[in-house]
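If you read the sequences in order, they're chains A and B.
According to the numbering used here, the first sequence holds residues 1 to 188 in order.
According to the numbering used here, the second sequence holds residues 189 to 376 in order.
Every residue, glycine too, gets a C-beta built ideally from N, C-alpha and C.
The structure appears below as structure tokens.
There are 2 protein chains.
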Amino acid sequence: MEFDVGARLKQIREQHGLSQRALAQRAGVTNGTISLIEQNRSSPSVSSLRKVLQGIPMTLAEFFSSDDLPPPEQIFFKGGELIELAGELKGTVGQVSFRQVGDLRSRNLQILHERYAPGADTGRTMLQHESEEGGIVIKGQIELTVGDRKQLLGPGDAYFFDSRVPHRFRNVGDIECELISACTPPYL
Amino acid sequence: MEFDVGARLKQIREQHGLSQRALAQRAGVTNGTISLIEQNRSSPSVSSLRKVLQGIPMTLAEFFSSDDLPPPEQIFFKGGELIELAGELKGTVGQVSFRQVGDLRSRNLQILHERYAPGADTGRTMLQHESEEGGIVIKGQIELTVGDRKQLLGPGDAYFFDSRVPHRFRNVGDIECELISACTPPYL
DNA sequence: AGGGGTTGTTTAATTTATTAAACATGGTAG
DNA sequence: CTACCATGTTTAATAAATTAAACAACCCCT
């Protein structure tokens, strides 16, 4: 987690055409403060950073989500180019395949092609995982448990839930089950 | 811009089942610091806040984007319960169907089941739309243009790109094309 | 009931950020 | 060339955050 607060502030300030003194006045701090922060010679308290950003204006969330997009290099993926993730998943039972679109370099959206052999089961209980998750079944049947609710889904059916509540996928059918899922932000 | 740093930290710490001391140790600060921050009796410098969050772990961006989403009421969807969006899309040519999982009440993730009749085409040029978008083809073939790049994708193939780049989907095959896509944050 | 462990809170000492003002540089007009 | 006004930087004084250690409350166990 290396976030260059100084560089970020300088970038934003200059983008808005403000001098250190101009911003300092609007923010209610001194120009020296701005200068030291931009050189990373002092680390502002969030209260003073908030004051500074109010002079922009900009929220703390916007400040720290430095979305200066380097466009992902690869856009198109042949079926064989998806990244197999099953090895990284603990606690699964039976044959499970999670194949991911792209490499998560752009890390807000994760798309998976999931396959479950008959009987396969993932007791993953994503504790406190601040995500939203959903998907659509394209083949076979899957039993999905979310919190205290359970449902059998077939081709064309879908699901959507907050990943913080414990959940589990089980293929209770006798043919392989295939589904496409999406998650934001990604799991791992 | 009122952001309750203390309450937010407490919420996150408790969600992760950590005591003040446990978090303090993992973060390399003292328990007193955590306590004072949570009571808003001191405003942490971003460097110390960063240390604290590294013990979670969590990024500063995640910390300040406090999206406390009320969990969506409906979790499971039968195929027929997906919401048809085609009517709301301008500029499409031919028969196109966009069927959405859920109602966007939780608005970070949008999952669509898309169908394109042979010859169908969507010249949607999502200008400045700050999203990431991806999908997997499950049937038929689709020609996808992203910026100055163009590719024909078949079943099992996938794509992923920044939605701010102009893009377009065209079914150049002679059978219907079906794909599952995801987008964060949603289009409309 | 008492002891050992945990929890969160508080307080004086220390470290760090912030201020106010001086300093240095660069451009521009007279 | 000099005077002036803007810029960003630095420095000693002040204000605030952080530490280390003590405090109080709670739970569990014997």
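- For the pair of segments examined, the stretch 42–49 of chain A was found to touch the stretch 221–236 of chain B: the number of CB pairs separated by less than 8 angstroms reaches three.
- Three or more Cβ pairs closer than 8 angstroms define a contact, and the stretch 151–159 of chain A falls short of that threshold against the stretch 111–123 of chain A.
- Counting along the chain, Ala370 of chain B sits inside the beta strand (DSSP E) bounded by residues Cys365 to Thr372.
- A distance of 7 angstroms or more separates the beta carbons of Ile136 of chain A and Ile324 of chain B.
- Rounded to the nearest angstrom, the gap between the Cα atoms of Thr145 of chain A and Leu152 of chain A is 9 angstroms.
- In this structure, the CA atom of Gln11 of chain A is about 17 angstroms from the CA atom of Arg26 of chain A.
- Of all residues in the stretch 133–146 of chain A, those with a C-beta nearer than 8 angstroms to a C-beta of chain B are Glu133, Gly134, Gly135, Ile136, Ile138, Leu144 and Val146, reading in chain order.
- Within the same chain, Ile244 come within 7 angstroms of His204 of chain B by CB-CB distance, once the 5 residues on both sides are set aside.
- For Phe63 of chain A, the closest alpha carbon among the candidates A:Cys183, A:Leu9 and A:Gln141 is that of A:Leu9.
- Exposed is the label assigned to Ile363 of chain B, since fewer than 16 other Cβ atoms lie within 10 Å of its Cβ.
- Within the same chain, Cβ atoms closer than 6 angstroms to the Cβ of Arg209 of chain B are found at Asn219, the five residues on either side in sequence being excluded.
- Excluding residues up to 5 positions away in sequence, Ile225, Glu226, Gln227 and Asn228 lie with their Cβ nearer than 7 angstroms to the Cβ of Gly194 of chain B in the same chain.
- For Ile368 of chain B, the nearest beta carbon of chain A is closer than 7 angstroms to its own beta carbon.
- Contact check for Glu321 of chain B against Cys371 of chain B passes: the beta carbons are separated by less than 7 angstroms.
- For Phe169 of chain A, the enclosing beta strand (DSSP E) starts and ends at His167 to Arg170.
- The beta-carbon of Phe169 of chain A is placed no less than 7 angstroms from the nearest beta-carbon of chain B.
- When rounded, the separation of the alpha-carbon atoms in Lys150 of chain A and Ile138 of chain A is 19 angstroms.
- Spatial neighbours of Met246 of chain B in its own chain (CB-CB distance under 7 angstroms, excluding positions within 5 residues in sequence) are listed in chain order as Ile200.
- In the three-state reduction of the DSSP assignment, Thr122 of chain A falls in the strand class, which pools E and B.
- Chain A has a Cβ within less than 7 angstroms of the Cβ of Ser231 of chain B.
- If you compare the alpha carbons of B:Ser253, B:Gly216, B:Ala249 and B:Ser223 with that of Val240 of chain B, the shortest gap goes to B:Gly216.
- Interface with chain B (7 angstroms Cβ-Cβ cutoff): His16 of chain A is excluded.
- Assigned with DSSP and collapsed to three states, Ala195 of chain B falls in helix.
- In this structure, Phe3 of chain A lies near Leu248 of chain B, with their beta-carbon atoms less than 7 angstroms apart.
- Of all alpha-carbon atoms in B:Ala308, B:Gly328, B:Phe349 and B:Asp309, the one lying nearest the alpha-carbon of Ile111 of chain A is that of B:Phe349.
- Among the residues of chain A, those whose CB is under 9 angstroms from the CB of Ile299 of chain B are Gly134, Gly135, Ile136, Ala158, Phe160, Ile180, Ser181 and Ala182, following chain order.
- Taking the Cα positions, Gln242 of chain B is about 9 angstroms away from Leu211 of chain B.
- Glu14 of chain A has its alpha-carbon roughly 53 angstroms from the corresponding atom of Arg170 of chain A.
- Contact of Leu224 of chain B with chain A is not assigned, every C-beta pair being separated by 7 angstroms or more.
- No Cβ of chain B is located within less than 7 angstroms of the beta carbon of Ala27 of chain A.
- In terms of beta-carbon proximity, Ser19 of chain A stays away from the interface with chain B, with every pair separated by 7 angstroms or more.
- Distances from the alpha-carbon of Ala308 of chain B to those of B:Thr221, B:Val360 and B:Ser207 put B:Val360 closest.
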